[in-house]
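Have a look at the structure below before the remarks.
Structure follows, in C-alpha cells:
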C-alpha cells in the first residue's frame, strides 16, 4: 500500500485518498484488517497506534470525535462526554460513545449506530467553539454530564469545571434551565457541594464518598500548616478543624482530568 499521510489533525479520509488515487477501498480494508489503520468513523481512518497509555487512548477518542464532526451534518453540536473531552474536563470512567445534541425539545435520547444523539434545547450562550468545532459550553457540558451519571461522577466533573474558572453562578443558571430533565436532581445535589479547590479527580471522588457518611463532618480543603523550625508550609487536602487531616495520594487514572496519571 502506498504511503498514507494524515492531515494535520491526524485523520485520513476515504474520499480524499481515493480521489487522489492513493489507494482504493480494497487497500483500505486490507490495511485496517492488517492493523496498519484504525477506522475511527465511517469513511475516516488514522494510523494505528502502539501506545496504549491512558493519555494515548484519550487522544484517540478525541480523534474519533473530530472524525465524526468532519463527516457530520449541520445543526448538531458535540455534547456530553465528547464535549468534556474537547474541553479537557475530568470525567470519572471511560466511554467509547460519541455524543451530539440537536437544538429541539422533542426526540429525547437516541442511540444510533455511530453515535448517541440528544434532542435538547440550548441557549445561545450554551454553545461555543473549540478548535473550530461547535460544542456545548463548559458549564452546559458539566451539567449534561452530571445529569447522565452518578453523584460521584457529577461531583468530579463539576469540581473540574470550577477549577477552570467557570463560576458557580454559570453552573446554577444552566442547571435551573434544565431542572425538569432526567438526572436533574443528581446534578443539583452535586452542584450544592462542588468545590474548585479539589485539585484532582481523586480528591473529588474522595470528597463525594465522604459525603455519603452522615456521621463524618464536612472537611475544609487545601489548608496550609507551618511545619518544622524553618517555616516550611505543608498543604493538606482535607482538614477537620486541625484535629484530623486527610490526603488523597494515588497514581490511578480515574478518567479524563486534563492531567497525566501522575498528576492525579
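Numbering (full-length UniProt numbering), first residue to last: 1 to 264. The beta-carbon is built from N, C-alpha and C at its ideal position, and this holds for glycine as well. Nothing here was measured: the structure is a model prediction, and the numbers come from that model.
Contacts around residue i, its chain only, beta-carbon distance under 6 Å, and the 5 residues preceding and following it disregarded
i: residue 116; result: 97, 99
i: residue 259; result: In this predicted model, residue 259 has a pLDDT of only 48, less than 50, meaning its place in the structure is not dependable enough to derive any value.
i: residue 9; result: 66
i: residue 62; result: 85
i: residue 210; result: 216
i: residue 263; result: With a pLDDT of 42 at residue 263, under the threshold of 50, the predicted position of this residue should be treated as unreliable, and no value is reported.
i: residue 173; result: none
i: residue 57; result: none
Cβ neighbour criterion (16 or more within 10 Å) applied to residue i
i: residue 143; result: buried
i: residue 12; result: buried
i: residue 6; result: exposed
i: residue 19; result: exposed
i: residue 229; result: exposed
i: residue 16; result: exposed
i: residue 101; result: buried
i: residue 244; result: exposed
i: residue 89; result: buried
i: residue 191; result: buried
i: residue 202; result: buried
Close-in-space but distant-in-sequence residues of the same chain around residue i (CB under 7 Å, 5 per side omitted)
i: residue 205; result: 92, 152, 156, 254
i: residue 69; result: 78, 133
i: residue 71; result: 41, 42, 43, 44
i: residue 95; result: 81
i: residue 187; result: 143, 146, 147, 154, 175
i: residue 64; result: 40, 41, 98
i: residue 238; result: 219, 221, 245, 246
i: residue 24; result: 18
i: residue 149; result: none
i: residue 240; result: 217, 219
i: residue 103; result: 121, 122
Beta-carbon proximity check, residue i vs residue j, cutoff 8 Å
i: residue 249; j: residue 235; result: no
i: residue 42; j: residue 114; result: yes
i: residue 81; j: residue 130; result: no
i: residue 266; j: residue 219; result: One cannot answer for residue 266 here, as it falls past the ends of the chain, which runs 1 to 264.
i: residue 207; j: residue 198; result: yes
i: residue 221; j: residue 195; result: yes
i: residue 14; j: residue 37; result: no
i: residue 33; j: residue 49; result: no
Residues near residue i by beta carbon distance below 8 Å, same chain, minus five either side
i: residue 127; result: 77, 134, 135, 136, 137, 140
i: residue 189; result: 151, 154
i: residue 233; result: 224, 225, 226, 227
heavy atom of the ligand PLP below 7 Å from residue i C-beta
i: residue 73; result: You won't find the ligand PLP in this model; it holds no ligand whatsoever.
Chain B contact for residue i (CB, 8 Å cutoff)
i: residue 22; result: The structure shown contains no chain B, having only a single protein chain.
Below 8 Å, can you find three or more Cβ-Cβ pairs linking the region 212-219 to the region 179-187?
-> Taking a cut-off of 8 Å on C-beta distances, the region 212-219 does not touch the region 179-187, as fewer than three cross pairs fall below it.
Within the region 163-228, ranges of the beta strand (DSSP E) (whole runs, at least 3 residues) | Qualifying beta strand (DSSP E) stretches, in chain order: 220-227.
At 3 residues or longer, and completely inside the region 114-151: list those beta strand (DSSP E) runs for me, N to C.
-> The region 114-151 contains these whole beta strand (DSSP E) runs: 116-119, 127-130, 133-136.
At least three beta-carbon pairs within less than 8 Å, the region 38-56 to the region 75-86 | Touching, no, given that fewer than three Cβ pairs across the two stretches are closer than 8 Å.
Between the region 160-169 and the region 117-130, do three or more beta carbon pairs fall short of 8 Å?
-> no
Start-end ranges of the alpha helix (DSSP H) lying completely within the region 37-104, minimum 4 residues | 54-70, 80-87
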